[in-house]
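One structure below.
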Amino acid sequence: MAETLYLITLFPLLGFLINGLAGRWLSEKQSGYIASLAVLGSFLVSAQLLLAFLALPAEERLLTQTLFSWIPVGDLNIQVGYRFDPLSAVMALVVSGVGLLIHIYSIGYMQGDPGVRRYFSFLNLFTFMMLNLVLADNLVLMFLGWEGVGLCSYLLIGFWFEDEAKARAGMKAFIVNRIGDAGFIVALILLYHQFGTLSISEIAQAAPGAQIGRGFFTATTLLMFLGAVGKSAQIPLYVWLPDAMAGPTPVSALIHAATMVTAGVYLIARNSVLFSLAPATMSIVAVIGIITAFFAATIAITQNDIKKVLAYSTISQLGYMFTAVGVGAFSAGIFHLMTHAFFKGLLFLGAGSVIHGLKGEQDLRSMGGLKEQLPTTHWTMLVGVMAIAGIPGLSGFFSKDEILWAAFSRHEGFSWLWLAGIVTAGITAFYMFRLFFRTFYGKAAWQEAGYQPHESPSVMTIPLVLLAFLSILGGYVGIPAALGGVNQFHHFLEPVLAVYPGVGAAAVQHPSQGLELLLMGVSTVVVLGGIYYAYRVYVQQPTLADDLAQRMGLLHRLSFNKYFVDEAYHLLIVRPFQALAEGLWKWFDIQVVDGAVNGSGHAIARISGAIRRIQSGLIQHYASIILLGVIFILIYLYID
Amino acid sequence: MDWLAQHLLTLIIFLPTVGAGVILLLREAQRGLIRRVALGTSLVTFVLSYFIFKGFEAGDAFQYVEQVPWIPNFGISYQVGIDGISLLLVMLTTFITPITILSAFNAVRQRVKGFMVALLVMETAMLGVFAALDIFLFYIFWEAMLIPMYFIIGVWGGENRLYASIKFVLFTMLGSLLMLVAIFALYSQGNAQLEYYTTSYLELTTLKLSPMTQTWMFLAFALSFAIKVPLFPFHTWLPDAHVEAPTPGSVILAAILLKMGGYGFLRYCLPLFPEAAVRFTPLIVVLAVVGIIYGALMAMVQPDMKKLVAYSSVSHLGFVVLGIFALSLQSVSGGIIQMVNHGLSTGALFLLVGMIYERTHTRQIADYGGLAGLMPRYAAVFLIVTLASIGLPGLNGFVGEFLIIVGSFNTQPVAAIVAVVGVILSAIYLLWLVHRVFFGQPAVALSGIGETGKGPKLPDLTSREWAVMLPVLGMVIILGVYPQPFLKRIEPSVTTLVNTYWQATAPAGIDQADVEIIDENKGNK
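The listed protein sequences derive, respectively, from chains X and A.
Once you know that position 306 of the first sequence is 306 in our numbering, the rest is easy, because the numbers rise by one and skip nothing.
Once you know that position 384 of the second sequence is 1024 in our numbering, the rest is easy, because the numbers rise by one and skip nothing.
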């Protein structure tokens, strides 16, 4: 069974090579089909392995395959080897499954773009790298995937590179990510130094019993988390993700919502043993997560670009996932990762469908009343916003409430994490329905702009419908005990995740299902309140929005301008850095270092110029100098 | 056949000079033939060297050794041989030279004969440096490299070529003259201890030198190598030399000549003067790390593409020196692999800059923009090479950087972590270069119809240019994905080097068993 593991990554690699090298001989359609087939191949193999897994007892669910030695030097032996266990199975299925739908959607969305072959080759390369990331059995191969997806993100954000701003957004993403990656690399070094291996499972085995101080684990996991903060766009490195919306919308759906940006969460879950040994790091992860969730949500309220709203919402949702893993509820984090991939993928593709219908318009103020024109997009997006808001019965409800419950029970009773999470959930419901209402209801602003919106072709709407079903049903694999379920998802992942002391039901003194139900009720009320408020402001009384903006004054301006964080970074970091380099070059390198070189050259020239005068060529001079010399020697001999 | 096998190394070293001799017999007007002879000679040299690579048996002993008495009265002999370390650099030389010659078909259109002769003589000298096992022979080859390079910059160079070529020669001479003094001192020490005169490398490495003697000799050798690398602050000759040199000159300079420094440290400084090396390691490591950061910062603000690439070399070679002086199996292996990597990717960058310069006659980054729309294939190749240089996993640069950083941490933890910052910086300056040159709307001066009225002003890569780039791209990927054949060949030599070093420098009173423990702790990690 394990022998087929390599096929999961091989298919997209082939797709990349075919489209990348032979793309010019392919028609636009063929290019899209080949790319989609490649991902379908990965999906089928992963699905088949998963089904085989379900038939096995939990402790036997592990497949490994080593392909070859990549970097062998002495006792360091980095191999290209894959590990398929429940966690990587979930990830591989999400990546290839959602990826497949987005590939198919792209066939319609990218139709007529001159760079479509390049597009599909990059998309396949991304899938290849992402699958390497999730299947890697050692941290170096994982880092290959990690950097590889970053590369594809760079290439696809700047896909329309003729637009300088878009290309710049890609560059920004890569560089900001590199800062996080540096943390990842240092973590690798420390781990290798300590354990003499970089195999994920060997480290996980050795770590708990090792005689190592807490400080080591705290440092290592914090460095890893720095990598996660970059890739998963958390404070303070989130600034690249909103700009990344410059890429084609399916790219935003695949890379910047469903898969790549969740890699940070996966990284922590994959190394849950290490993180469990570093409670200090865990707290930091949870706190950064919840702050990011809240902070990004407050920005999303006021954004007018439909994709920017979704981008900030992604940052916010990723914050939830970090809160989950930070309180030790690793499986809840992965659960939300999966449901988020469904509904956020859906929302982005829906937004893409709207943008497609409006010939590239992304501003919510130019939309409105599109319900009739885009019926399928309308109802699928309704499912999406309901799922992300957390309406009971949809996938987001189950995963979000599992996180909130974990946060609540973590500190044995009331927890501000939970409160912040509930508030954020309310804000989320508000801004997502704001987006929904402003797109599909109210005044049809597009009429003035002269657009003639149309529903997207079925190659685009079918993926929407499928994702809508997943957004509804995806949650039913993890129904909590409080609602009469058994949370199969949690039990499926349990064998490969660490148990963090004091998590979940066990942590609460008297685990009470009643309490859990009560909390669910609270969050549902808050969410419904948020939705109602959005309805009032954007449907019932459209003038209310401007009034509110006026009244909120400063707060509105801060949110609208994203708290001026980009500007602050530019002023405090980018500019001084450039000035330093410039100054160092013009003053130090040219004046001091090279000045010394040229100076000594000139000095030698001057000295030799002076000495040269001795060689006057006049016999009298030479004769008198010889005479002088003879006299000196005689005197010397005499004294001696 | 046996004879051939026994003299294969000598054949490889001198075949290029034979080719140069043939070219001398031709007339300048027979350009086509001159070029074909030059390319053919270098290709045959490469094929022969590939047999050495194939036939090289894993082990730390020197192989393909040949020894012929040369000036027996002084104990000087012609002695050559290679171990894993020199093997890779010999291969790099024979691989890059034909590519350079092919690129010169376009880049050099005047005095072709002289240029090809200079390049081929250069190849002999470079191969000689890597293969010499006699310190006198080594010095001869070392100095012999200077002459063709001086002419390549001084005759075929840019506007300011005289300043650059003289700066290059003076800088290098300063180092090598001190090295010559140290060689004489070593020679007399050898006579004093062995009671006969010898210049054989293998015999000289057995000498026991007093700490004071080691210090002076180490400094003399190290200065020479530090200038070649170039180690900060001895680097200012490099940007000037690169900017003025013609494309093939820059390629040879970056790809191979700079490696002489790293090779010199490995072959001479460490084995001959281990105790002095210990003393100076902190200083050299600091300079290497400063070079990594400093070179990257300089590269960031250069307005000229060639200068940018030149300063990036300072940064990348800082990694190499760090790896070498961290003295662990992984870090030194990484350093050697990184020398090869740098040769490939920086060589390729200079080739690519040369290709675009031939079309536009400007190297100022500000003159460019939107090139990706006009020359998509050129852009793709440029991007791949850039990514290799940035150290993206899957391409060659990562393997070297990773080994250096992981390997250095045991002995030089702070330096290793600072070096990681260099990894961030390299992404900044190179991607920013790519951004300014390739993205955005095409600069007005670049688009449109060519002067002849036919075809675009900037045609994409020609088939000859593909022929230049494809081998490099191939190696960039092979070394990135499957470096094993290369790593395996250097491992025994590096193991011996590292072990000898830690044994020689172990404090007195510690017996062999303890030394082995030290090896395990420091050497093998």
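All C-beta atoms, glycine included, are put in the ideal place defined by N, C-alpha and C.
Kindly identify the DSSP beta-bridge partner or partners of residue i.
i        : result
X/Arg83  : X/Thr64
A/Val708 : A/Tyr718
A/Leu773 : Partner(s): none; A/Leu773 has no beta bridge.
A/Ser985 : According to DSSP, which records beta bridges pairwise, A/Ser985 is partnered with nothing at all.
A/Gln703 : A/Ile722
A/Ser840 : A/Asp774
Does DSSP classify residue i as helix, strand or coil?
i         : result
X/Ser456  : coil
X/Pro208  : coil
X/Trp650  : Within the shown structure, residues of chain X are numbered from 1 to 640, placing residue 650 of chain X beyond reach of any answer.
X/Val508  : Confidence at X/Val508 is low in this model, with a pLDDT of 46, below 50, so the placement of that residue should be treated as unreliable; the coordinate-derived value is given next. Three-state DSSP puts X/Val508 in coil, outside helix and strand.
A/Ala1146 : coil
X/Ile78   : strand
A/Ala698  : coil
X/Ser709  : This structure leaves residue 709 of chain X out entirely; chain X is present only between 1 and 640.
X/Asn138  : strand
X/Leu627  : helix
A/Leu1035 : strand
A/Asp944  : strand
A/Pro1099 : coil
X/Gln620  : helix
X/Ser366  : helix
A/His875  : coil
A/Gln970  : helix
X/Ser415  : coil
X/Asp113  : coil
X/Ser232  : coil
X/Asp305  : strand
A/Gln1124 : helix
A/Ser850  : coil
A/Gln1170 : Only positions 641 to 1165 of chain A appear in the structure, and residue 1170 of chain A is not among them; the question remains open.
Quick one: is residue i buried, meaning 16 or more other Cβ sit within 10 Å of its Cβ, or exposed?
i         : result
A/Trp782  : buried
A/Tyr690  : exposed
A/Glu1105 : buried
X/Gly514  : exposed
X/Lys344  : buried
X/Phe174  : buried
A/Ile867  : buried
X/Tyr636  : exposed
X/Leu277  : buried
X/Ile607  : exposed
What does the alpha-carbon distance come out to for the pair residue i and residue j?
i         : j        : result
A/Gln854  : A/Phe913 : 5 Å
X/Ser471  : X/Ala165 : 34 Å
A/Pro886  : X/Ala233 : 45 Å
X/Ala506  : X/Ala204 : Because X/Ala506 carries a pLDDT of 48, less than 50, the predicted location of this residue cannot be relied on, and the following value inherits that uncertainty. The alpha-carbon atoms of X/Ala506 and X/Ala204 are separated by roughly 23 Å.
A/Leu1070 : A/Met940 : 8 Å
X/Asn132  : X/Ser46  : 13 Å
A/Ser968  : A/Val961 : 12 Å
A/Ala832  : A/Phe861 : 21 Å
A/Ala950  : A/Leu878 : 7 Å
A/Leu648  : A/Leu729 : 16 Å
X/Val526  : X/Gly426 : 5 Å
Looking at chain X, which residues of the stretch 865 to 886 of chain A have a Cβ within less than 7 Å of any of its Cβ atoms? Pro873 and Thr876
Which residues, taken in chain order from the stretch 441 to 471 of chain X, show a beta carbon closer than 8 Å to some beta carbon of chain A? none
Anything in the stretch 225 to 251 of chain X with a Cβ closer than 9 Å to a Cβ of chain A? List those residues in chain order, please. none
In the stretch 1096 to 1110 of chain A, which residues sit with their C-beta less than 9 Å from some C-beta in chain X, listed in chain order? none
For the stretch 1124 to 1138 of chain A, which residues have a CB atom closer than 7 Å to at least one CB atom of chain X, in sequence order? Gln1124, Leu1127 and Glu1131
To be precise: take each residue of the stretch 927 to 953 of chain A, compare its Cβ to all Cβ atoms of chain X, and keep it if any distance is under 7 Å. Which residues remain? Leu937, Met938, Met940 and Val941
Anything in the stretch 1071 to 1084 of chain A with a Cβ closer than 9 Å to a Cβ of chain X? List those residues in chain order, please. Leu1071, Trp1072, Val1074, His1075, Phe1078, Phe1079, Gly1080, Gln1081 and Pro1082
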